[in-house]
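Residue numbers (the UniProt record's numbering): 1 to 180.
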């Protein structure tokens, strides 16, 4: 009877040891996979940064491959641009909304781009924004089409249009609302 109790205790102890070894093995595998994942992500970031640095582009970061800096841009809003400007200056590269992007906050550079629109320098939005806004919106068209749309829109809000059409309607609406 003592021997069977001793045998049971030994087998229970062996099972505990085997379970602990199994748990340790799983933990070591998870740690190994985590190290590999972190190394892979670090290598991807370094490769992405080197790929865009070689092309003689302005300072800035491209962020993660595919996503770029889109999540930071969407979270921070205007503060993202302010922080990037403080960090890299008024002309920098980034990767926003699925596209590598050059951002210019310099009036002289913007003027140069707008004056040389016919020479291949075309301001615009990333393709993902054009997919949302459509290809015939004010921001997507260039050259004579843009001038025509701009003129049409400005004529809708000109001082004569406001005085002759919009203000009388607003006045009538307000008087009828206040009269109730």
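Note that beta-carbon positions come from the ideal geometry of N, C-alpha and C, so glycine has one too.
Where do the ends of the beta strand (DSSP E) carrying residue 100 lie? Boundaries of the beta strand (DSSP E) harbouring residue 100: 99 to 104, taken from the DSSP string.
Check whether the segment 4 to 15 touches the segment 27 to 38, counting contact only when three or more Cβ pairs, one atom from each stretch, lie closer than 8 Å. no
In angstroms with no decimal places, state the Cα-to-Cα distance between residue 69 and residue 114. 26 Å
Neighbourhood of residue 128 by C-beta distance below 8 Å, restricted to the same chain and skipping five residues each side: 97, 98, 99
Nearest-angstrom Cα separation, counted from residue 74 out to residue 125: 15 Å
Closer than 8 Å by C-beta to residue 146: which residues in its own chain qualify, once you throw out the five before and the five after it? Chain order, please. 138
Continuous alpha helix (DSSP H) assignments of at least 4 residues falling wholly in the segment 123 to 170: 127 to 133, 143 to 156
What beta strand (DSSP E) runs, 3 residues minimum, are completely inside the segment 1 to 74? none
Among all the DSSP beta bridges, which residues are the ones paired with residue 91? 104
Counting C-beta neighbours from all protein chains within 10 Å, is the total for residue 60 16 or more, i.e. buried, or is it exposed? buried
Within its chain, find whatever has a CB closer than 8 Å to the CB of residue 119; leave out the 5 residues flanking it on each side and keep chain order. none
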